[in-house]
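Shown next, in structure tokens, is the structure this report addresses.
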Amino acid sequence: MSTNLAPLPGNLPAAPGLVGGNTFAGASGGPRVSPLFRYLAAVRRFKWLVLLLTLVGMGGGFLASRFIRASYAVDASILIGDHPSNAGAVSANPVFQAMQWRENFNSYRILQPVAQAKRLYIIGPKNVGAPPPPAGPSGPDKDLFNGFAIDDSTPGKYVPGSYQLQISKDGQRWELQNETNPAKPKESGAVGDSIGRKFGFQWQPTIEKRWYGSTFNFDMQTTREAADEIRKKLVVGMTPGAARFMKLSFSAEDPNAAADILNSLMKRFVDDASSQKRKNLTYEATTLDSQMTTATIALRAAESALQNYRIKTVTKPRDNLPVAPGLAQTSPQGFDNYLKQRNDVTELRRQREDLASVMQKAKGGTPIVDLLMINPAVNASSDLKSVVIELQKAQADLRELEKTRTDSNTDVINQNKRIVQLRDTMLPRYANVVLRRLDADIARMDSSISGSARELEGIPEMSITEERLTREKDEAAKVVEMLQNRVTQNKLGEAGAIADVEIYDKADAPLNPTKNRKAVLIGLGTMAGLGLGLALALLFDLTDKRVRYADQITGGLGLTILGVIPEISRAKGATPTAEEAAQVIEAFRTVRLNLSHTVEAGGPILLTISSPSPGDGKSLVSSNLALSFAEAGYRTLLIDGDTRRGELHRTFGAERRPGLLDYLTGEIPLADLRRPTTHPQLTLITGGSRKRNAPELLGGAVMRDLLTSMRSQYDVILVDSPPLGAGIDPFVLGTLTGNLLLVMRAGATERDLAEAKLQIVDQLPIRMVGAVLNDVRATMNEYKYYSYSYGYGATDEEDEKPAALGRGKTE
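Here numbering that gives the first Met the number 0 is used: position 38 in the sequence shown is 37, and no number is missing along the way.
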């Protein structure tokens, strides 16, 4: 394939046409890079950084995985409901309801004794460089803690913390130091003595010979902290239904320890439930005896009141006398209904007075539970009754605690607080609700009674009173009978009490771990490294001040991209391929086509070419663009206006002196200024001798006259100027030509510098025709829309190989 352009004779345009105004054909803003496309380009540019950080994250995850132990999970279940042996038997109320069982299993009452019994408050012995040990004595030296226990006989005697035990080389002495509080004195003694008595330890180990001269580091937690560690690894779930299953799961690093701990927790749970059940029955029996005494006294009082009234009225007429006229309609049904209403409202008033009296007594600290339990209004309110039962149970628990613990004990104090809260806050709140309900019922019934009273005015008061007393006696008898039945049932239940819970499935030690997080940690480390690498790549891209994307030129700088020049291998010391050369040629053809429509009709193309900073490739673009115009048949003049560091003379193999500055100073005539090149349509004017006043010479009248005289002799006049950041020269030359083309190098030109210089250009009579992006690598996909399809380069037919003609396919 030929890489040269041959001018077409007779095809020279008479004059480049003007599309209109300052707008030119083919000069589009170009496609805008999507954010995703831009992110991919940034990742591709920093791929080695992303790869490095990914490998670092993977290595970090691998190192972290060495400190993670495998986890073994064991499962078990507990059945909660009526025990099969209780079928047909009388039982007490359940100890707990619904989800309260789960809360009880997670309580310190269950967890803390197991943590203490299994010595889970011991962490160690610890080995340097090894992962943190699990709870409980572990490792090859765990036998050192055989027989270890906490001395809890005196509160505060046990001192948790980090400890160090040193055994002498001869195995005769030991020394114990609390490293958490070095101010505490060390403890030492002879092997065989009890170790750590000052710190609340009950520890008399058998020192083996392999431990002589060794140092052991271990941590001691509180039993509550050990219980918290159990709770973190324990999962308790409930299934709905009358007979509920409590599903249990526990995880630990040792499968045997996991099964042992979970089975111990279940046994403790079942034993505690049985104890609670027996206590409930005992508390209920005591309460029933007290209520039975109160109800019996009330019955005796009602019977005595009725008997005394009958004796008192024995000589008075009875209600079997003839009924007075006008009352026939109300007797006997009306009379009985009236009596019933009167008795009911009287009973409600009595209940209200009793309840108000009891609540008043409660403020003085008088025991009120028994008085409340025999009040029908209390039994009719489920909420108030629940509070009374809960208060009754709390008082019973307090009595039980006071038998074994002092008043200063925390549990006793907390229980007293609980009783005060129930008695002084919860009980009055619900009692007031019941009192308001009784007031409403009394008011309603009074209204109904007032209507019936007019019809029953003739009925003797004696009958009404006797009926009321009789009813009160009957109701008191019913209460006594009910309590008697409950006492009998309680005694039967207490004799054969069986817990509401039983172990359904025990825990067995598994063979394989259920959690092995090593792969997860490595994966997370890899993802973290990859994420950090991607984030840094995007951050570097966002903070990059260099020109990377087309929209930074079109949108950020407001310039039209006239063309994109691909990377030229020859400029980097390599030989370009035919396809690469074709891409370069097509790129300059695009720039030439766009520029050919930028000037007014009838005039030549007059253009200054510059760049924001050195190294952007403006001279390369100037020389190749001039050759492209020349190849198209345009009479082209290329002026090296970079009088500071111009290199066009080297490109065309000419001498720099004499040149432009020599002509401007009058040292040479115009005939000696222009120099021919290898192309007949291209003429070169070199920069000439270096001079300090070059900017003034370039802006002088001689330079203006030179350009004016050249306009009639050439179709295209291109002026290669210094960079915009080098001085005033490019701005002077831009005002002379009236047009300025900016060359920027992809990935090298600083956008801030270009923007600052363009602000100066905006103040001058210079028209920015657009920008050319130089040195764009083929791998920069963000500019793929500006490239050309491979295999479509223009060639001479005789250059094609015969093999290419035999494909039998045309495109």
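We put the CB at the ideal spot given by N, CA and C, even for glycine.
Three-state secondary structure assigned by DSSP to residue i
i, result
"Q171", "coil"
"D639", "strand"
"R44", "helix"
"A75", "strand"
"S248", "strand"
"K125", "strand"
"G28", "Summary for G28: the model assigns pLDDT 47, below 50, so the residue's position carries little reliability; its value from the coordinates is reported in the next sentence. Coil, per DSSP."
"R309", "helix"
"M817", "Residue coverage of the chain in this structure runs from 0 to 810, which leaves residue 817 outside it and unanswerable."
"I373", "coil"
"E417", "This sequence places Arg at residue 417; Glu is not what is there. Of the three classes helix, strand and coil, the one that applies to R417 here is helix, per DSSP."
Residue i burial status per 10 Å Cβ neighbour count (16 or more: buried)
i, result
"V234", "exposed"
"S274", "exposed"
"A5", "In this prediction, A5 scores a pLDDT of 33, lower than 50, which makes its location untrustworthy; the coordinate-derived value is nonetheless stated afterwards. By the neighbour-count rule (16 or more Cβ atoms within 10 Å), A5 is not buried but exposed."
"N738", "buried"
"T707", "exposed"
"T748", "buried"
"G614", "exposed"
"Q391", "buried"
"M57", "buried"
"L763", "exposed"
"R299", "exposed"
"L426", "buried"
"G146", "exposed"
"S446", "exposed"
"N307", "exposed"
"A256", "buried"
"L371", "buried"
"I759", "exposed"
"L261", "buried"
"L50", "exposed"
"E186", "buried"
Residue from the options whose Cα sits closest to the Cα of residue i
i, options, result
"L437", "D271, D288, Q350", "Q350"
"V419", "R44, L434, V386", "V386"
"K197", "V158, E178, Y162, T221", "V158"
"S161", "T292, I122, D140", "I122"
"Y662", "I206, D192, S447, I638", "I638"
"L143", "K46, D169, K156, W173", "W173"
"V479", "D335, L110, V768, S289", "S289"
"A114", "P136, N126, P131", "P136"
"Y211", "D140, E252, L247, N262", "D140"
"R853", "S167, G602, L619, F200", "The chain is shown only over 0 to 810; residue 853 falls outside these bounds and no answer can be derived."
"R689", "R656, L757, P668", "R656"
"E302", "L523, E466, A580", "E466"
Cβ neighbours of residue i in the same chain (closer than 8 Å, five flanking residues each side left out)
i, result
"G805", "Low local confidence applies: a pLDDT of 29 at G805 is under 50, so the model's placement there is unreliable, and no value is given."
"R101", "V235, G236, M237, M245"
"A693", "T642, R643, L660, D728"
"T513", "S70, Y71, A72, S250"
"W202", "F144, G146, F147, A148, S193, I194, G195"
"Q483", "M291"
"T525", "T53, G56, M57, G60"
Sequence-distant residues of the same chain with beta carbon closer than 6 Å to residue i, five excluded per side
i, result
"V297", "This sequence places Ala at residue 297; Val is not what is there. Only A475 meet the Cβ criterion."
"G640", "V718, D719, S720, L732"
"S610", "K617, P722, V742"
"D410", "L400"
"G20", "Here the model assigns G20 a pLDDT of 33, short of 50, so the residue's position is not dependable, and the following value carries that caveat. Taken in chain order, the list of residues that qualify is empty."
"L164", "L175, F215"
"R417", "A393"
"P254", "Y71, A508, P509"
"V433", "A376, S380, L383"
Beta-carbon proximity list for residue i, same chain, < 7 Å, skipping 5 on both sides
i, result
"Q414", "A393, D396, L397, L400"
"A430", "L354, M358, L383"
"M709", "L636, I716"
"F628", "R591, T635, V715"
"A653", "R674, L683, T685"
"M219", "Y120, I121, P159, G160, Y162"
"I502", "I77, M265, V269"
"L626", "H678, L681"
Exercise for the section: Could I get the ranges of all uninterrupted alpha helix (DSSP H) runs contained in the segment 596–666, with 4 residues as the minimum, in chain order? Expected result: Here the runs fully enclosed are 617–630, 647–650, 659–663.
Handout entry: Within the segment 691–732, ranges of the alpha helix (DSSP H) (whole runs, at least 4 residues)
Key = Counting only runs of 4 or more, we get 693–697, 700–710.
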